[in-house]
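K.L.:
Residue numbers (full-length UniProt numbering): 1 to 345.
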């Protein structure tokens, strides 16, 4: 927007789209707390300057973090270059905003930024969703890293990242072609945070051992690999070595990797039922290597909602990320100790 934005300002509708709030909300904040544009055009149209927008951006961040609106408005004016007004409304009953104590359980909150989060989600989901709708990349990164640091990777994934990702997906499905950019930006930052988890949390040391790694692969045609990235990050923090092959792995490439690495386990991720392949799981489970008389096979773990009891058959299944980490960590420890578990078939 450049100089034209600085001179002419933005309309209320443009600011609302940028922040992920409704124009009615902006007008309400102007009427109640004085967080409105100073510039008016000749036709008495409201025009928001960069400073005006900075104030309401801060208001969005504070309310998403749980601040009462009146207190958030006061802080937003003070921290974003605005001047507090003597006539500003005060919180009822002397209410003030306090940040959560370290280690305290997160508050539960409703939907944020117009996303269908539902009523029983962590407060962090609300702030994360508002930042995603605003396309506020720095805020997304900060909130995701804070969630991992405060709750650990597994809880951050299952109770913060996944509910927000699902809410964006539902919004996209119900809004035609809208919100595609929101889902892409959020997914990118979730993926980046997962890859950087070892820099935020201290991973367990990987033992020097001849035990094979855990191979992680999406089935052929499966492009949805964020959950597999979460598993890879969680296993790395648990000290379990992995080989991540990512999305839509061709059968030949998967077999070559298994033969070359001699893994303790192979995880086959399928998000959709059409991507789950029982013949592939059975084929991988039957691969052998090693000397005659002491040949070894991998332990195969089908994972993801695409695998149900019928498609998974006798293969084990996990109820979620925490369960998968426990199962694979145990398998790796047994492999490390020379007690390879028997596969159920």
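Where a beta carbon is used, it is the ideal one built from N, C-alpha and C, also for glycine.
By alpha-carbon positions, which one of 121, 240, 115 ends up nearest to residue 203?
P.N.:
Minimum Cα distance to residue 203 is reached at 240.
K.L.:
Less than 8 Å separating the beta-carbons of residue 219 and residue 269?
P.N.:
It is a contact, given that the beta carbons lie within the stated cut-off.
K.L.:
Please state whether DSSP places residue 160 in a helix, a strand or coil.
P.N.:
Three-state DSSP puts residue 160 in a helix.
K.L.:
Nearest-angstrom Cα distance between residue 392 and residue 19?
P.N.:
Residue 392 lies beyond the residue range present for the chain, which begins at 1 and ends at 345; the question has no answer from this structure.
K.L.:
Could you tell me whether the stretch 185 to 198 touches the stretch 141 to 151, where touching means 3 or more Cβ pairs closer than 8 Å?
P.N.:
The stretch 185 to 198 is in contact with the stretch 141 to 151.
K.L.:
In chain order, what residues of the same chain lie with their CB nearer than 7 Å to the CB of residue 331, ignoring the 5 residues before and after it?
P.N.:
Here the set comprises 264, 265, 299, 341.
K.L.:
Where does residue 302 sit, in a helix, a strand or coil, going by DSSP?
P.N.:
Correct three-state label for residue 302: strand.
K.L.:
Would you check if the distance between the CB atom of residue 237 and the CB atom of residue 197 is smaller than 8 Å?
P.N.:
Yes.
K.L.:
I need the straight-line Cα distance from residue 49 to residue 323, nearest angstrom please.
P.N.:
Their Cα atoms are separated by approximately 51 Å.
K.L.:
With DSSP run on the structure shown, which of helix, strand or coil describes residue 318?
P.N.:
It is coil, neither helix nor strand.
K.L.:
Can you tell me the Cβ-Cβ gap for residue 242 and residue 214, rounded? I've got them flagged as a contact below 8 Å.
P.N.:
About 5 Å separates the two Cβ atoms, so the contact holds.
K.L.:
Apart from the five residues on each side of it in sequence, which residues of its chain come closer than 7 Å, Cβ to Cβ, to residue 248?
P.N.:
Excluding positions up to five away in sequence, the list reads 218, 220, 221, 222, 223.
K.L.:
Between residue 16 and the rest of its own chain, which residues show a CB-CB distance below 8 Å, the 5 nearest in sequence each way excluded?
P.N.:
For residue 16, where only same-chain residues beyond five positions count, the Cβ hits under 8 Å are 22, 23, 25, 26.
K.L.:
Using the rule of at least 16 other Cβ atoms within 10 Å of the residue's Cβ for burial, across every protein chain shown, is residue 126 buried or exposed?
P.N.:
When all chains shown are included, residue 126 counts as buried.
K.L.:
The alpha helix (DSSP H) that contains residue 228, what's its start and end?
P.N.:
Its alpha helix (DSSP H) spans residues 226 to 237.
K.L.:
Answer with buried or exposed for residue 274, where buried requires no fewer than 16 other C-beta atoms within 10 angstroms of its C-beta.
P.N.:
Under this definition residue 274 is an exposed residue.
K.L.:
When DSSP labels each residue in this structure, what does residue 11 get in the three-state scheme?
P.N.:
Of the three classes helix, strand and coil, the one that applies to residue 11 here is coil, per DSSP.
K.L.:
Thinking just about the alpha-carbon of each residue, which of 306, 315, 212, 129 is nearest to the one in residue 160?
P.N.:
For residue 160, the nearest C-alpha among the options comes from 129.
K.L.:
Note the first and the last residue of the continuous beta strand (DSSP E) segment covering residue 269.
P.N.:
Residues 265 to 269.
K.L.:
Determine the burial state of residue 260: buried for a count of at least 16 other Cβ atoms within 10 Å of its Cβ, exposed for fewer.
P.N.:
It is exposed - the Cβ of residue 260 has fewer than 16 other Cβ atoms within 10 Å.
K.L.:
Under 8 Å between the Cβ atoms of residue 231 and residue 216?
P.N.:
Yes.
K.L.:
Where do the N-terminal and C-terminal ends of the alpha helix (DSSP H) with residue 78 fall, by residue?
P.N.:
It spans 69 to 79 - the alpha helix (DSSP H) in which residue 78 sits, taken as one unbroken run.
K.L.:
Out of 329, 282, 272, 250, which has the shortest C-alpha to C-alpha gap to residue 307?
P.N.:
The candidate whose alpha carbon is nearest that of residue 307 is 272.
K.L.:
Per DSSP, what kind of secondary structure is residue 217 in: helix, strand or coil?
P.N.:
Here residue 217 sits in strand by DSSP.
K.L.:
Quick one: is residue 76 buried, meaning 16 or more other Cβ sit within 10 Å of its Cβ, or exposed?
P.N.:
So residue 76 counts as buried.
K.L.:
What does DSSP give as the partner residue(s) for residue 246 in the beta ladder?
P.N.:
217.
K.L.:
Tell whether a beta-carbon distance below 8 Å holds between residue 186 and residue 164.
P.N.:
Yes, they are a contact pair.
K.L.:
Can you give the Cα-Cα distance for residue 212 and residue 287, rounded to whole angstroms?
P.N.:
Each residue's Cα considered, the two are about 14 Å apart.
K.L.:
Buried or exposed for residue 38, going by 16 or more other Cβ atoms inside 10 Å?
P.N.:
Per the 10 Å Cβ criterion, exposed.
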